[in-house]
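Chemist:
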Ligand SMILES: [Zn+2]
Ligand SMILES: [Zn+2]
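Numbering (our numbering), first residue to last: 71 to 118.
Written out as C-alpha cells, the structure reads:
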C-alpha cells in the first residue's frame, strides 16, 4: 500500500513521492526558514 504523503515544508500542501520528504528543492531549501507560504511553484501552492 503506497500512501502519498504531504511535503515536509509546513506551508506546502503538495504531495511528495514515496521516499521523499519534500516536493521540490525549493521546499528543501526552505526548511530552516520560517516562511508563511510556499514558493515551490506547484499548482497546489500557487492557487489562491
Ligand atoms: Zn508547495
Ligand atoms: Zn513542498
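Here a beta-carbon is modelled for each residue, glycine too, at the ideal position from N, C-alpha and C.
Rounded to the nearest angstrom, what separates residue 99 and residue 91 at their Cα positions?
Modeler: Cα-Cα distance, rounded: 12 Å.
Chemist: Who pairs with residue 103 in a beta bridge, going by DSSP?
Modeler: None, per the DSSP bridge assignment.
Chemist: Thinking just about the alpha-carbon of each residue, which of 85, 104, 75, 95 is nearest to the one in residue 113?
Modeler: Minimum Cα distance to residue 113 is reached at 85.
Chemist: Below 8 Å on the Cβ atoms is my contact criterion, and I expect residue 80 with residue 107 to pass it. Report the Cβ-Cβ distance as a whole number of Å.
Modeler: With 8 Å as the limit, residue 80 and residue 107 do not qualify as a contact, their Cβ atoms being about 10 Å apart.
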